[in-house]
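In what follows, a single structure is set out as structure tokens and then discussed.
In our numbering, the protein residues as written are 90 to 317.
So this is what it looks like as structure tokens:
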């Protein structure tokens, strides 16, 4: 199988159907042999049952958190390549084409750039868009020596076999930074492509906790900065 489209999930019954359908439409229209995989992080709202009814495969992540869910999904993926994004419908899996193209051309990792692709009005808080993400991305570039513009874009892709050699293991949101820094330090080929960020389609607060998760990113970035 060439491609796994992966989405971590924790009580996303309001948006998981849209995400799965967009992912399935991409696979159908592009003619790619692939699967839609949901990595569930302990949902109790019927998300799992809905995902299964829509034809997605579901795995259950034993480690709670964004990183725990993604790693469990990557471990279980059947595809040579894995494209991943949140299951809150803030990203359109229909934009997966450029990610797959870069992977086919030999990239080990492809990271989306919301700053190149654009933001739907209200899609990201001012403090995140102009302070948090730019500052942490700047520090990440220094720590890794990479040129990645948007360290925290949720739409990204990896060559599964190559990625698994890195040993990424962070359980929380800081996994997004860890995977880039480890890949860059290992000499992996990293490409970037514009993506459009939509507004979160849910009517509940996001899982991201600005201050605690920001500090977790900082701690991880500094812990990896001087690793060879």
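All C-beta atoms, glycine included, are put in the ideal place defined by N, C-alpha and C. Since this is a predicted model, take the numbers as computed values, not measurements.
- Inter-residue distance for residue 99 and residue 268 is about 21 Å (C-alpha atoms, whole angstroms).
- Along the length of the stretch 203-277, whole beta strand (DSSP E) runs at least 3 residues long occupy 245-248, reported in chain order.
- Among the bridge pairs identified by DSSP, residue 200 is matched with 245 and 281.
- Straight through space, the alpha carbons of residue 315 and residue 176 are spaced by roughly 34 Å.
- Going by beta carbons, residue 178 and residue 107 fall inside the 8 Å limit.
- Going by beta carbons, residue 123 and residue 90 fall inside the 8 Å limit.
- The stretch 204-218 makes no contact with the stretch 132-152: fewer than 3 CB pairs, one atom from each, lie closer than 8 Å.
- Residue 170: member of the beta strand (DSSP E) spanning 170-173, first to last residue.
- For residue 247, the number of other beta carbons within 10 angstroms of its own is at least 16, and it is reported as buried.
- A residue is called buried when at least 16 other Cβ atoms come within 10 angstroms of its Cβ; residue 207 does not meet this threshold and is exposed.
- Ranked by Cα distance from residue 217, the first of 230, 239 and 200 is 239.
- Under the three-state reduction of DSSP, residue 108 is assigned to helix.
- In this chain, the beta strand (DSSP E) harbouring residue 126 covers 123-129.
- When the five nearest sequence neighbours on each side are left out, the beta carbons in the same chain lying within less than 6 Å of the beta carbon of residue 187 are those of 282, in order along the chain.
- Shown here, residue 92 sits in a strand according to DSSP, grouped into three states.
- Taking C-beta atoms as the reference points, residue 242 and residue 284 count as a pair closer than 8 Å.
- With respect to residue 94, residue 126 sits close: the two C-beta atoms are nearer than 8 Å.
- Under a 10 Å Cβ-count criterion, residue 290 is classified as exposed, with fewer than 16 other Cβ atoms of the shown protein chains found around its own Cβ.
- Counting the other CB atoms within 10 Å of its CB gives residue 277 a total of 16 or more, which places it among the buried residues.
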